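Below is one structure, written out as structure tokens; the observations come after it.
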Amino acid sequence: MAAPAQFTEYIDKNADKFIDRLAKAVAIPSVSGDASYRKHVFEMADFLKSELEALGVKVKLVPLGKQVLDGQEIDLPPAILGEIGNDKSKKTVGLYAHYDVQPPSSHSKLIDKPQALLSDGWDTDPFVLKVDEKTGRLIGRGSSDDKGPLLGWINVLEAHVKQGIELPVNLKFCLEGKFHRMEESGSEGLDDLINSEVGPGKFFDGVDCVCISDNYWLNTRTPCLTYGLRGICYYKINVSGPAKDLHSGVFGRMVHEPMTDLIHIMSKLVTPQGDILVPGINELVAPLTEEERKRYESLDYSIDDVHSSAGAEIAVSSSISEVLMNRMRYPSLSLHGIEGAFYAAGAKTVIPARVAGKFSIRLVPDMLPVDVDRLVTEYIKSIFNQLNSKNKLEVESLHGGKPWVADPNHWNYVAAAKATETVYGRKPDLTREGGSIPVTLTFAEALGVNVLLLPMGRGDDGAHSTNEKLDRSNYIEGTKLLGTYLWEVSKVTEK
Ligand SMILES: [Zn+2]
């Protein structure tokens with residue numbers, strides 16, 4: 001029972017209408033990281049509620065409490081819980097997406113003047129969907145992250161409801177309005193809601209699998225399914241000494257200098273080749289299996305792709321499988337910055353009184369933040385002790401999140417792979433992401449079911465950058481993919 005031809009034909013015939021729907025959604029600037037735009041996030045929730053209700057979905061907006069943002073206490077955007085279908089003989093698919101967007105520029109706060117936005121690097125107004133007929137690009141903030149994929153599900157519903165085709169599965173939507181800013185550190189309020197809605201008679205009761213469409217193809221050519229995400233541990237190393245900033249002409253070589261100690265410590269964390277020097281870290285990593293190695297060798301990605309996305313020829317190895325494994329299945333340690341360091345132009349001869357070095361480690365299975373914290377702290381203290389410095393050292397853990405990996409041989413993935421072959425005529429790549437989407441782990445742990453990441457957009461969509469776009473073909477074929485996936489799930493007989 002593949003998706004009926006009527007379904008895919010409807011998607012093709014109504015493509016322009018679906019693009020209009022995306023334009024309406026992009027026009028609502030639901031930026032969650034700026035308090036002055038909070039009302040638009042609520043407006044977006046109302047927009048989705050009415051779209052879903054018009055198609056027969058039972059919807060409730062669940063308040064998630066308050067937060068402090070930009071010095072004000074404001075309401076968190078609601079979670080949208082929606083359900084359609086309650087046929088016990090069918091599978092029930094849980095769907096997650098977020099309806100908020102990043103600020104137009106990740107470097108500055110929102111500015112009301114479009115002129116200022118344009119000078120921030122956008123070629124067009126980020127909140128007016130630009131349909132570029134020549135390139136086939138749909139350009140606007142949120143087009144790819146995550147409004148396009150979210151509306152993809154609504155388009156799928158419409159194609160069924162408007163034509164009187166019975167949905168092949170029951171659906172439960174969980175839509176979030178405050179994903180961004182919290183991306184690396186968990187979703188305020190939503191985790192608690194998900195955990196409280198598990199169990200007999202609760203909202204998520206009966207969900208057989210979860211599908212999240214909120215990431216990207218590895219490249220611009222090949223559809224993929226994503227079965228893993230790295231976690232993260234973020235650290236701050238504080239080194240302090242003198243009571244105030246000193247002058248090197250007076251105190252140079254008379255006292256222990258905090259910056260010297262810090263640089264020494266930071267230089268001992270990772271090699272220029274990316275090898276992590278903290279003892280015990282590599283031992284926590286799950287061993288590579290033969291099946292997995294083959295998967296990396298078959299991914300459609302090249303060193304040239306790495307170079308073009310980095311904008312320079314700087315890959316750490318000429319072996320593409322090695323480079324991809326470094327991103328997807330091995331931990332990485334990155335040095336991010338030094339607070340308190342002199343960084344302006346000129347030649348100031350200051351000895352900073354206290355400095356704080358920041359770095360993070362991306363975690364993979366089976367690394368747990370608690371173990372990594374212990375190893376990192378012990379190691380940094382031992383290096384510092386060898387310095388015989390009279391400065392003070394403190395190691396702080398700013399936040400930690402666990403990695404996630406799913407079984408890509410599970411029926412949920414098999415269904416998505418078949419759907420990809422049907423729609424795109426090729427097998428999807430099986431990828432893991434180097435970053436985090438913490439809600440994935442929340443669903444996996446709270447519901448105890450398989451979670452699938454089924455991306456719609458391409459690797460060059462620029463989701464967190466200027467001129468974010470979704471290719472028209474990815475939106476339209478991606479909508480077919482989401483619908484076809486539901487039909488493939490409905491064929492599965494395993495529990
Ligand atoms: Zn997203």
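For the sequence shown, the positions run 1 to 495 when the numbering used here is used. From the three backbone atoms N, C-alpha and C, an ideal C-beta is built for every residue, glycine too. What you are looking at is a predicted structure, and each value in this text was computed from that prediction instead of being measured.
When secondary structure is reduced to three states using DSSP, PHE203 falls in the coil class, being assigned neither helix nor strand. Given a length threshold of 4 residues, each whole run of the alpha helix (DSSP H) inside the region 206 to 258 is given here in chain order: 248 to 251. In this structure, DSSP gives LYS91 a state outside helix and strand, which the three-state scheme calls coil.
Taking the Cα of LEU470 as reference, the smallest distance to any Cα among ILE276, GLU73 and ASP132 is reached at ASP132. Between LYS381 and HIS256, the C-beta gap is not smaller than 8 Å, which leaves the two residues out of contact. Within the region 311 to 388, the complete alpha helix (DSSP H) segments at least 4 residues long are 320 to 328 and 369 to 386, listed from N- to C-terminus. Secondary structure at GLU133: coil, using DSSP grouped into helix, strand and coil.
One thing to note: ILE338 has its Cβ within 8 Å of the Cβ of GLY357. Between ligand 1 and the CB of PHE179, the shortest heavy atom gap is smaller than 7 Å. Using a Cβ-Cβ distance cut-off of 8 Å, the region 229 to 243 and the region 476 to 487 are not in contact, since fewer than three pairs of beta carbons, one from each stretch, lie closer than that value. Beta-bridge partners of ARG432 (DSSP): GLY228. The beta carbons of LYS402 and LEU452 sit no closer together than 8 Å. PHE127 and GLU9 have their C-alpha atoms spaced approximately 30 Å apart. Not one heavy atom of ligand 1 sits closer than 7 Å to the Cβ of HIS160. Taking all protein chains shown into account, LYS88 has fewer than 16 neighbouring C-beta atoms within 10 Å of its C-beta and is therefore exposed.
Here the C-alpha atom of MET254 lies approximately 11 Å from the C-alpha atom of ILE351. In terms of Cβ geometry, TYR301 and LEU324 form a close pair [threshold 8 Å]. For PHE173, the three-state secondary structure derived from DSSP is strand. When only Cα atoms are considered, PRO149 and ALA97 end up about 8 Å apart.
The three-state secondary structure of ILE194, taken from DSSP, is helix.
Taking 8 Å as the cut-off, the Cβ atoms of LEU76 and ALA35 do not count as close.
A distance below 6 Å between beta-carbons, with the five flanking residues on each side excluded, links GLU394 to the following residues of its chain, in chain order: ASN238.
Judged by the Cβ position, ASP460 fails to qualify as a neighbour of ligand 1 at the 7 Å threshold, every heavy atom of the ligand being at least this far. From the listed residues LEU157, GLY340, ASP275 and PHE204, the smallest Cα separation to ARG327 is found for ASP275. Cβ neighbours of VAL492 within its own chain (closer than 7 Å, five residues either side excluded): LYS91, TRP411 and ALA415. Here ASP300 carries a coil assignment [DSSP, helix/strand/coil]. Sequence-distant Cβ neighbours of GLY189 in its own chain, meaning closer than 7 Å and more than five residues away, are LEU64, GLY65 and LEU76. Distance from the C-beta of ASP46 to the nearest heavy atom of ligand 1 is not below 7 Å. If you look at ILE281, you'll find it isn't in any beta strand (DSSP E); DSSP assigns it neither H nor E.
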